[in-house]
Amino acid sequence: MANAIRALAMDAVEQAKSGHPGLPMGAADIATVLFTGFLKFDPADPGWPDRDRFVLSAGHGSMLLYALLHLLGYEKITIAELKRFRQLGSLTPGHPEYGHTPGIETTTGPLGQGLANAVGMAIAERHLNAEFGDEVVDHFTYALVSDGDLMEGISQEAIALAGHLQLKKLIVLFDDNGISIDGPLALADTVDQVKRFEASGWTASRIDGHDPVAVAAALDAAQKSQKPSMIACRTVIGFGAPNKGGTEKAHGAALGPEEVAAARQKLGWTSPPFEIPPTIRAQWRTAGERGRPARLAWLERLTALAPDMRDEFTRRTRGDLPAKKLAAAVREIKEKLAAAPKEIATRAASEFALETLVPALPEMLGGSADLTGSNNTRTKTMKAMSGADYSGRFIHYGVREHGMAAAMNGMALHGGIIPYSGTFLVFSDYCRPAIRLAALMGQRVIHVMTHDSIGLGEDGPTHQPVEHLAALRAIPNLKVFRPCDAVETIECWQLALHNIDGPSVLALTRQNVPQLRQGFDERNRCALGAYELMAADDDDAIVSLFATGSEVVTAVAAKKLLAERKVSARVVSVPCFELLAAAPADKRVAIVGTARVNVAVEAGIRQGWDAIIGSAGAFVGMTGFGASAPYKDLYRHFHIGAEAVAEAALQKLS
Ligand SMILES: Cc1ncc(C[n+]2csc(CCOP(=O)(O)OP(=O)(O)O)c2C)c(N)n1
32 MANAIRALAM DAVEQAKSGH PGLPMGAADI ATVLFTGFLK FDPADPGWPD
82 RDRFVLSAGH GSMLLYALLH LLGYEKITIA ELKRFRQLGS LTPGHPEYGH
132 TPGIETTTGP LGQGLANAVG MAIAERHLNA EFGDEVVDHF TYALVSDGDL
182 MEGISQEAIA LAGHLQLKKL IVLFDDNGIS IDGPLALADT VDQVKRFEAS
232 GWTASRIDGH DPVAVAAALD AAQKSQKPSM IACRTVIGFG APNKGGTEKA
282 HGAALGPEEV AAARQKLGWT SPPFEIPPTI RAQWRTAGER GRPARLAWLE
332 RLTALAPDMR DEFTRRTRGD LPAKKLAAAV REIKEKLAAA PKEIATRAAS
382 EFALETLVPA LPEMLGGSAD LTGSNNTRTK TMKAMSGADY SGRFIHYGVR
432 EHGMAAAMNG MALHGGIIPY SGTFLVFSDY CRPAIRLAAL MGQRVIHVMT
482 HDSIGLGEDG PTHQPVEHLA ALRAIPNLKV FRPCDAVETI ECWQLALHNI
532 DGPSVLALTR QNVPQLRQGF DERNRCALGA YELMAADDDD AIVSLFATGS
582 EVVTAVAAKK LLAERKVSAR VVSVPCFELL AAAPADKRVA IVGTARVNVA
632 VEAGIRQGWD AIIGSAGAFV GMTGFGASAP YKDLYRHFHI GAEAVAEAAL
682 QKLS
C-alpha cells in the first residue's frame, strides 16, 4: 500500500517535471499506518467537524497528501488531477492550498507554519471540548514535519506553547531523514530533537519509520500520552530510488525515467505509471471507508444534544456570527460613548469595546504575546487558558508573536473560534509570514496591534512603527484598520468581526485621543473605509485633509488654522484603505472629493497614500526612523502637527 504512494509520487513529479518525490517516498510507510489505522476521517464529508486533523507541515511533499486523498477515495482527487500536478487550476498545486482541494486542512509551504497551525488546531479542539463536551468534540491533531520545519525558529515557539498547554491530543510525526536541500543535515544542524521536545514538555520517541509495527506502536502510545507527542521516524528520503534515495537528489526534482524504472524494480512495483493494482486500490478504499461509522455515530450524538447547545455548536462551526447579539453589543457601546464621550487611547477604547463584545460572542478567543496590560486585550471577566482548564478564553502566548499568529490561523481553520491577539504594531514583522498565510487562506483572525506610531514615545525607534502600516497594507486580502477615536474603534472591531474571509489588523494608539465622533450614530461610518468627518465651512472645499488614527485630530486642528487664513478645508478620516479601495467608484470619488489640494497626515511613511491623494498631493508624516522622547516632543521634532499640515496645504495653493 505504501508503494502505491511512492509510485504515484514518482509518476506525478515525472509528469510535471517538477516537484518533490523524496518526502512522499520516505514518509509513505508512516502515512500508510496513520491513515489506514489511526486517523479519523470520512472522504464522504471532508469537513466533518470532529474529524482528526492532519497537517502536512512539510508542504513540499504535497504528493504524499494528493496520493493519499486519491487512494482513500476523496472523489475530486482523480488520477486526472494527479496527472495535472502543479498545473494551472489543478486541485494538486505545488504546495497544499487550503480551500480548493477537499481533505487539505491548511496551506503550507513556508516551513514551520504547519506545525504551529497544528498547535492552534489542537488548542481549538481542547477549548471546544471544554465547552461542548466529549460527545461532539474529541479528536486528534497530527502533523508531519521535516528537518526544515524543526530548524525554523517558529517551531520552537509552537513546541513550547504546546508543551506548556499540555496538548495531549497533538501528535507530531517527524520525518527524520537527515537530509535537506543542501545535503546531509550535519552541514547545518546537530540538535537532538527528542531531547528538545522532551525539554519542552512533550513525550518523544525515536523509531524506524519504515517499520509499520513500530509506527503503529508509537502512535498507539502517543494517543494515550498525557502530553503532546513527537515521534521521530527515521526514514530514507526517496525510499526505493536506488541511486538518489538517501541523498538530497531525491528532495526536490523529478528522479528521471531511468531512476524511476530502477525504483519500480527495487520496490517490486510492476504497474505502469498512474495505475494501481486492483487489490491494492481496494485495500486503500476499505481504509477510506473506515471512518464512516464513527461519523454517523457522531451525527447521532450531535442530534441528541440539547437543542440550544446543538444550534450553538452548528452556528459556531459554520462560522456564523450571532448577528443580533453583535449588533446589540455595538449599539450598547456606541450609546455609552455618545452619553459620556471618552478621551482615551484607542487601545483602551478597544478594551472598552471588548468588555461588551467578548460576552456577546463566545467564539472570541483572545490573547497577547506577553503585552496583555499594554495591548488591553484581556477583559475583566476573561479567565486564562491553561493545561488544567481549557475553557479559559484568554491565552498568554508568551513572547512568541510568530507562533501566536500561526496558531491563530490553526484555530480559525479548525473552526468554531474567532481568535484575536495582541502585540505592538512594530512586531507585526514577527507575525508577518503567518498574517500573509491567513490572507492567502481567507481566514478570520484579528490582530490587535497597539503602540502604532512615534506616539508611543520614550521606547524609541526600535519600538516605533514607521513603515509597518504601508507594509501591512501591501498584503492582499488583509484589512488594516487605524481608528481615530473610541467610536471608530468599535466600528472597526465590528468590521473586523464581519470580515469573514480574511484577517484584520487593528492599529491602535498608546496615547490618548479625543472622541471626535460625538452623538449617537447607528451607521458604521467606517464601512466604506473612509468618510467625511468634517465638511468644509462653505460648500466648496479648496482643500481635502486626509488622516488616520491619532492624526485625525491633527487634521481637524489644521482645518481650523486654514479657516483663519480663509481657506476652506474638509477632513476625511481614512480608517481602512482596503475598504475604501473596494468601495463603489461613485462613493469612493465622493469621499475623496475634488478639492484643488489634497493633504494627508499619518505618522508613518507616505507609501500607499498616493492612491488617495494623488502624486500631486502633499504628505505630512515620517521619512525615516523615530527617536526616543516623550511623544509630544517627537511630533514637534518630526513636524507632524496642525501647522505643518496647514503649511503644506498653503504651499500647494500658492
Ligand atoms: C521558510 C522556508 N524557507 C525555505 C524553504 C525552501 N525549502 C523547501 S524544503 C526545504 C528544506 C528541505 O529539507 P527538509 O525539510 O528536511 O525536507 P526533505 O528534504 O526531507 O524533504 C527548504 C529550505 C521553505 N519552503 N520555507
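Sequential numbering of the sequence shown, starting at 32, is according to this note's numbering.
A virtual CB, placed ideally from N, CA and C, is assigned to each residue, including glycine.
Asked, Found
"Should alanine 43 be counted as a contact of ligand 1 given a C-beta to heavy atom distance under 8 Å?", "no"
"Tell me the DSSP bridge mates of phenylalanine 425?", "Gly397, Ala415"
"Can you check whether the CB of alanine 337 is closer than 9 Å to the CB of glycine 491?", "no"
"Which residues bound the alpha helix (DSSP H) around glutamate 382?", "377-391"
"Does DSSP put threonine 585 in a helix, a strand or coil?", "helix"
"Just the Cα atoms here: how many angstroms apart are serine 685 and valine 587?", "21 Å"
"Just to confirm, does glutamate 320 get its C-beta within under 8 Å of one of the non-hydrogen atoms of ligand 1?", "no"
"Report buried or exposed for aspartate 223, applying the criterion of at least 16 other Cβ atoms within 10 angstroms of its Cβ.", "exposed"
"What does the alpha-carbon distance come out to for the pair threonine 403 and threonine 412?", "14 Å"
"Between glycine 104 and arginine 316, which are expected to be in contact by the criterion C-beta below 8 Å, what is the C-beta distance as a whole number of angstroms?", "5 Å"
"Taking the alpha-carbon of methionine 32 as reference, which of Leu102, Ala47, His91 has the nearest alpha-carbon?", "Leu102"
"By the three-class DSSP mapping on this structure, what secondary structure does lysine 107 have?", "coil"
"Please determine, among Ala538, Gly143, Phe66, the residue with the shortest C-alpha to C-alpha distance to glycine 90.", "Gly143"
"How long is the line joining the alpha carbons of histidine 482 and proline 243, rounded to whole angstroms?", "53 Å"
"Sort Pro215, Thr221, Leu204, Asp220 by Cα distance to threonine 234 and report the nearest one.", "Leu204"
"Tell me the DSSP secondary structure of glutamate 563 in three-state form.", "strand"
"Could you tell me which residues DSSP puts in a beta bridge with alanine 600?", "Val574"
"So does leucine 96 have its beta carbon nearer than 8 Å to some heavy atom of ligand 1?", "no"
"In the DSSP assignment, what residue or residues form a beta bridge with valine 676?", "Its beta-bridge partners do not exist; DSSP assigns none."
"Check for me: the alpha helix (DSSP H) holding histidine 478 runs from which residue to which?", "Premise fails: histidine 478 lies in the beta strand (DSSP E), 477-481, not in any alpha helix (DSSP H)."
"If you drop the 5 nearest sequence neighbours on each side, which residues of the same chain put their C-beta closer than 6 Å to that of isoleucine 307?", "Ala35"
"Tell me which residue opens and which closes the alpha helix (DSSP H) that serine 186 is part of.", "184-195"
"Sort Ile375, Val291, Ala594 by Cα distance to asparagine 274 and report the nearest one.", "Val291"
"For ligand 1, is there any heavy atom lying closer than 8 Å to the beta carbon of asparagine 208?", "yes"
"State the start and end residues of the unbroken alpha helix (DSSP H) segment that holds proline 55.", "53-68"
"Using CA coordinates, which residue listed in Gly473, His529, Ile643, Asp207 is at the minimum distance from valine 623?", "Ile643"
"To test your reading of the DSSP string, which unbroken alpha helix (DSSP H) runs of 4 or more residues are found completely within the segment 600-678?", "608-613, 616-623, 641-644, 662-668"
"What are the start and end residues of the alpha helix (DSSP H) that includes proline 309?", "309-320"
"Quick test of the definition: if touching needs 3 or more C-beta pairs under 8 Å, does the segment 357-372 touch the segment 441-455?", "no"
"Would you mind reading off the limits of the beta strand (DSSP E) that contains phenylalanine 236?", "Reading off the sequence, residue 236 comes out as serine, not phenylalanine. Segment 234-239, the beta strand (DSSP E) holding serine 236."
"Which of helix, strand or coil does DSSP assign to threonine 403?", "helix"
"Taking Cβ to Cβ, would you say arginine 541 is nearer than 9 Å to valine 518?", "no"
"When burial is assigned at 16 or more other CB atoms within 10 Å of the CB, is alanine 193 buried or exposed?", "buried"
"Less than 8 Å between the CB of histidine 131 and some heavy atom of ligand 1, yes or no?", "no"
"Could you tell me the boundaries of the alpha helix (DSSP H) in which isoleucine 364 lies?", "354-370"
"Under the three-state reduction of DSSP, which class applies to alanine 263: helix, strand or coil?", "strand"
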